[in-house]
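K.L.:
I'd like to ask some things about the structure below.
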Amino acid sequence: MSETTIIDRYGVMGYPVSHSRSPVIHRLFALQTGQEMQYELLQVTPDKLETAVRQFQRTGGKGLNITVPHKNAVARLTDKTSERAATAGAVNTLAFRDGEIYGDNTDGIGLLRDLSVNLGVNLEGANILILGAGGATRGIVGPLLEMSPASLRIANRTPGKAQAIAEHFAQSGPVTACGFNVVPVSEPYDLIINATSAGLQGDAPPYPAAAITDQTYCYDLSYGLTPTPFSVWARDNGAAHSVMGWGMLVEQAAESFRLWRGIRPNTAPVLKQMHINA
Ligand code: ATR
């Protein structure tokens with residue numbers, strides 16, 4: 096009788112998803128830590144999300160990364176969620192255990208680790224401006240407020256969405272909201288984070304240039320092989336640093352890997368193998 100080894104299956108589900116670097120990152124993590132696992136790209140349209148997740152679970156899948164545009168919708172399918180996923184209202188990692196679906200959100204911790212550990216940005220007492228008020232912003236506001244910034248302002252093209260997030264997190268710290276084009280600049284910003292999806296369409300919306308000083312650290316949650324429109328804009332307007340989100344991508348992946356495999360890979364060599372920073 097022949098013996099079959101079943102390799103633990105993981106994957107990333109999104110639409111579109113062909114551009115995703117997650118398979119490369121997780122293969123490098125698996126190699127580094129000696130874990131036997133496979134990781135697939137799964138392109139799934141929003142109307143097929145539930146069927147695809149349940150089928151992956153039914154056929155023995157162990158875990159999924161969830162990316163655009165499913166991070167909010169997939170939260171409905173979980174049996175349990177971590178506190179940080181519940182606070183964010185968005186899930187980027189699923190673990191299938193004992194017939195249940197566990198949902199987590201590792202985006203916020205991924206960003207914090209990149210800013211604090213990899214880039215040495217001090218968030219305590221900082222004035223922070225976030226551009227955008229979608230799912231990405233929901234995932235990072237809570238963790239950023241835990242670092243005790245002096246202020247955190249959310250600016251969005253649609254001001255009501257920024258206001259709703261600010262109200263949601265009002266108990267957690269000094270968070271305020273405003274329209275995209277009326278960002279107050281009386282206090283210099285130490286850190287400006289682009290959390291809009293504008294760059295994905297190649298657009299450079301009217302970002303508030305007066306918010307940048309030569310002390311400002313600019314961080315784009317988006318990343319690309321060539322500089323993103325926001326990172327070009329930041330550099331052109333005299334930011335002290337202009338960085339794309341490669342580090343956050345690798346760090347959030349490491350947290351997902353830890354949840355699934357119980358071991359945190361060393362991110363530094365993997366980050367080096369990606370294209371880093373504009
Ligand atoms: P994600 O999950 O990536 O955050 P999302 O929830 O669809 O995606 O949110 C996209 C964000 O990018 C929103 O803040 C959106 O602004 P609106 O709330 O006004 O729609 C912002 N955004 C997208 N395209 C933009 C553009 N061309 N100019 C300015 N903001 C833009």
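For the sequence shown, our numbering assigns the number 96 to the initial residue and increments by one for each residue that follows.
Just so it is clear, CB atoms sit at the ideal spot from N, CA and C, and this is done for glycine as well.
(1) Quick check on this structure: which residue in I102, I101 and H121 has the alpha carbon closest to the alpha carbon of L354?
(2) Please classify M343: does DSSP put it in a helix, a strand, or coil?
(3) Can we say the segment 103-113 touches the segment 131-148, given the rule of at least three CB pairs closer than 8 Å?
(4) Flag this pair as yes or no: are the beta carbons of N187 and D202 separated by less than 8 Å?
(5) To the nearest angstrom, how far is the alpha carbon of I223 from that of Y105?
(6) Which residue comes first and which comes last in the alpha helix (DSSP H) that contains G205?
(7) Using a threshold of 7 Å, is the CB atom of T271 nearer than that to any non-hydrogen atom of ligand 1?
(8) Out of I196, S117, D193 and T146, which has the shortest C-alpha to C-alpha gap to Y134?
(9) Under 8 Å, do I287 and A306 count as touching if we go by C-beta distance?
(10) In whole angstroms, what is the alpha-carbon distance linking L240 and T232?
(11) Is N187 near ligand 1, going by C-beta to nearest heavy atom under 7 Å?
P.N.:
Let me lay it out:
(1) Here residue 354 is taken as the residue at index 259 of the sequence shown, counted from 1. Per the Cα distances, H121.
(2) As a position in the sequence shown, residue 343 is number 248, starting the count at 1. In the structure shown, M343 sits in a helix (DSSP, three-state: H, G or I).
(3) yes
(4) Residue mapping note: residue 187 aligns to position 92 of the sequence shown, counting from 1. Residue mapping note: residue 202 aligns to position 107 of the sequence shown, counting from 1. Cβ atoms of N187 and D202: closer than 8 Å.
(5) What you label residue 223 is simply residue 128 of the sequence shown in a count that begins at 1. What you label residue 105 is simply residue 10 of the sequence shown in a count that begins at 1. One C-alpha to the other measures close to 35 Å.
(6) The residue given as residue 205 occupies position 110 in the sequence shown. Taken as a continuous stretch (DSSP letters only), the alpha helix (DSSP H) holding G205 covers D202 to R208.
(7) Locating residue 271 in the sequence shown gives position 176, counting from the first residue. No, since every heavy atom of ligand 1 falls outside the 7 Å radius drawn around the Cβ of T271.
(8) What you label residue 134 is simply residue 39 of the sequence shown in a count that begins at 1. Per the Cα distances, S117.
(9) Position 192 of the sequence shown holds residue 287. Position 211 of the sequence shown holds residue 306. Yes, these two residues count as a Cβ contact at 8 Å.
(10) Indexing the sequence shown from 1 puts residue 240 at position 145. Indexing the sequence shown from 1 puts residue 232 at position 137. The alpha-carbon atoms of L240 and T232 are separated by roughly 12 Å.
(11) Position 92 of the sequence shown, counted from the start, is the residue given in the question as residue 187. Of the heavy atoms belonging to ligand 1, none sits nearer than 7 Å to the Cβ of N187.
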